[in-house]
Amino acid sequence: MDENTIFITAEESGDRVDALLARSVPGLTRSAAQRLIAAGFVLMDGGALKKNYRCAAGDEFEVTLPPPEDAPLLPQNIPLDVVYEDGDVIVVNKPRGMVVHPAPGHPDGTLVNALLFHCGDSLSGIGGERRPGIVHRIDKDTSGLIIAAKNDFAHQGLAAQLSDHSLARVYECVARGRVKDNAGAVDAPIGRCPADRKRMAVTEKNSRPAVTHYTVLSRYRGYTLLECRLETGRTHQIRVHMAHIGHPLLGDYTYGAPSPDKGLAGQCLHARELRFVHPRTGESVQLETALPEYFTDVLSRLGPPEG
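Right, dumping it as structure tokens:
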């Protein structure tokens, strides 16, 4: 069993316990919190609670999370746009809308399911049973290049390059507003948002260093096309950093617009370029993919670039 003890602060006094748990425990929905409460997995002073209990300052809850009942991870014949492949690594141009690995709410139809079909048993096991071969991730609504390892040797080599920042990742994105400087960097630590555990934020609390370098490619009326180079690779890094400087990504519900913008629901972000040293041969590999149709369609909706 995985146990978490949550302390309720005065600011949270009056909130329903199921709502509080959904905010406080990553990956836990409100309905799942209600089921835990009903099953007796949430206790206060050793006693069970009702799901509509209103929290008071100083309350302390003992939350026991039972192990998940994982569905078997099955190969699925999902077409892949393979950009590079050999006996050690495979690089795929992931489409927008595809989840990288199974997670709550996405048990199948993921990139991992597709890789299992394409590669068979030839995927590294370092990422664990639910993430075979996965060296790094990109968000569901982010398109573009992602690399996977076919064996543990390749995985260890690529992971080392991620750690020392020599595995280079270059993105293009459309940001809201006019970015003033032609180039710059955002150097701001990222961690879980203190007010909403399902989001990331620039914060000094329980955070890790994060640096994003950006260059303006074009400016449009009310929007800016950017190239972003990651020095680090934190969860939602580009999305959080651009929102932090006042330029959230077009279509980003989580960190920016509250409603669809230019017909796009989900961030306009594409992993365009990937550079790494091949873990076995030592040769430099540089791969690049064109902007997908959804991205070029957005650019056409922005009108002509400003001079």
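The numbering of the sequence shown is my numbering, which starts it at 4 and goes up by one.
Backbone N, C-alpha and C define an ideal beta-carbon position, used for all residues, glycine too.
Taken through DSSP and simplified to helix, strand or coil, ALA35 comes out as helix. With fewer than 16 other Cβ atoms from the protein chains shown falling within 10 Å of its own Cβ, GLN289 counts as exposed.
Per DSSP, the continuous beta strand (DSSP E) segment holding SER146 begins and ends at 146 to 152.
Burial is judged here by how many other beta carbons sit within 10 angstroms of a residue's own beta carbon; HIS168 has fewer than 16 and is exposed.
The distance from the Cβ of GLY249 to that of GLY180 is about 7 Å, consistent with a contact at the 8 Å cut-off. Taken in chain order, the whole beta strand (DSSP E) runs of length 3 or more contained in the stretch 169 to 209 are 171 to 179, 186 to 190, 193 to 196, 199 to 205.
In this structure, DSSP gives THR215 an extended state, which the three-state scheme calls strand. Ranked by how close their Cα comes to the Cα of ASN96, the residues ASP144, SER287, ARG57 have ASP144 in first place.
If you draw a straight line from the Cα of VAL177 to the Cα of ARG275, it is about 13 Å long. Boundaries of the beta strand (DSSP E) harbouring THR227: 226 to 233, taken from the DSSP string. Straight-line measurement puts the Cα of ALA268 at about 7 Å from the Cα of TYR256. Here the alpha carbon of VAL280 sits roughly 25 Å from the alpha carbon of ARG211.
For ILE141, the closest C-alpha among the options ALA171, ASP21, MET101, LEU118 is that of MET101. From the listed residues LEU220, PRO307, PRO192, TYR217, the smallest Cα separation to GLU207 is found for PRO192. Bridge pairing for MET47: GLY50, PHE64 [DSSP].
Excluding its 5 nearest sequence neighbours in each direction, GLU291 has C-beta neighbours in its own chain below 7 Å: ARG275, GLU276, listed in chain order. With a threshold of 16 other beta carbon atoms within 10 Å, THR113 meets it and is buried. The alpha-carbon separation between VAL103 and TYR258 amounts to approximately 21 Å. Under the 10 Å beta carbon count, ASN55 is surrounded by fewer than 16 other beta carbons and is classified as exposed.
For GLN240, the uninterrupted alpha helix (DSSP H) segment begins and ends at 240 to 247. Bridge pairing for TYR56: absent [DSSP].
Taking ARG134 as the centre and dropping the five residues before and after it, the same chain places the C-beta of HIS104, VAL115 closer than 7 Å to its C-beta, in chain order.
Here LEU253 carries a coil assignment [DSSP, helix/strand/coil].
When GLY160, VAL20, ALA59 are compared, the shortest CA-CA separation from ALA41 is found for VAL20.
Setting aside the 5 residues that flank it on each side, ALA171 is surrounded in the same chain by ARG278, each with a C-beta closer than 6 Å to its C-beta; the list follows chain order.
Bounds of the beta strand (DSSP E) holding SER287 are 287 to 291.
A direct Cα-to-Cα measurement between ALA162 and SER16 gives close to 43 Å. In the structure shown, ASN96 adopts extended strand secondary structure according to DSSP, grouped into three states. Beta-bridge analysis with DSSP links LEU118 to no other residue.
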